[in-house]
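Below you'll find the structure, written out as structure tokens, and then a few comments.
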């Protein structure tokens, strides 16, 4: 790391501490040549993942969009922010661990619905109704019957 004061490439780390919930390391460095101190930050470099939308367009993967959709589905439901954040983190891990540079919005939607099904069934139905674009009551009822059958099979 080059010193910002004299340009020397030699420095020593004086202090390191974790910041940003462990995602970044802050390092205090001291230049070997001039003795002045400066701060650097080290973060994990992630490969950008693109989401392929239904129409074929692509946009950068944004976990905040997923979180906002889940929050809307869970509105006025007894679901804590901890559970929502955990679900978003799980989905983020699945997306980045797939090592693919592109993922479809359909795959992300399925991940969200799988997670919501375990957290809150009403939130799941709300999300599914928007995601699957139910056009009439029969398609909605079909989804509910499938859910009820799965619940019955678990017991």
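Residue numbers (the numbering used here): 6 to 160. We treat Cβ as the ideally placed atom computed from N, Cα and C, and that holds for glycine. Predicted, not measured: the structure shown is a model, and the values here were computed from it.
Residue nearest to residue i in terms of C-alpha spacing, selected from the options
| i | options | result |
| --- | --- | --- |
| residue 118 | 37, 26, 78 and 22 | 78 |
| residue 55 | 83, 82, 66 and 128 | 66 |
| residue 28 | 125, 81, 51 and 145 | 51 |
| residue 41 | 48, 18, 63 and 58 | 18 |
| residue 61 | 107, 89 and 153 | 107 |
| residue 3 | 25, 26 and 16 | Coverage of the chain is limited to positions 6 through 160, which leaves residue 3 absent and any answer about it impossible. |
| residue 14 | 153, 159 and 36 | 36 |
| residue 135 | 30, 75, 53 and 26 | 75 |
| residue 34 | 6, 90 and 102 | 6 |
Pair within 8 Å by beta-carbon distance, residue i and residue j
| i | j | result |
| --- | --- | --- |
| residue 128 | residue 148 | no |
| residue 157 | residue 110 | no |
| residue 114 | residue 92 | no |
| residue 23 | residue 32 | no |
| residue 8 | residue 38 | yes |
| residue 124 | residue 88 | yes |
Burial state of residue i (16 or more Cβ within 10 Å)
| i | result |
| --- | --- |
| residue 84 | buried |
| residue 11 | exposed |
| residue 142 | exposed |
| residue 63 | exposed |
| residue 49 | exposed |
| residue 137 | exposed |
Test: residue i CB closer than 8 Å to a CB of chain C
| i | result |
| --- | --- |
| residue 137 | Considering every chain present, this structure includes no chain C. It has just one protein chain. |
Okay, do the segment 89-106 and the segment 60-76 touch, 3+ Cβ pairs below 8 Å being the bar? yes
Within the segment 67-98, ranges of the alpha helix (DSSP H) (whole runs, at least 4 residues): 68-78
My parser needs the beta strand (DSSP E) runs of 3 or more residues fully inside the segment 101-133; what are they? 107-109
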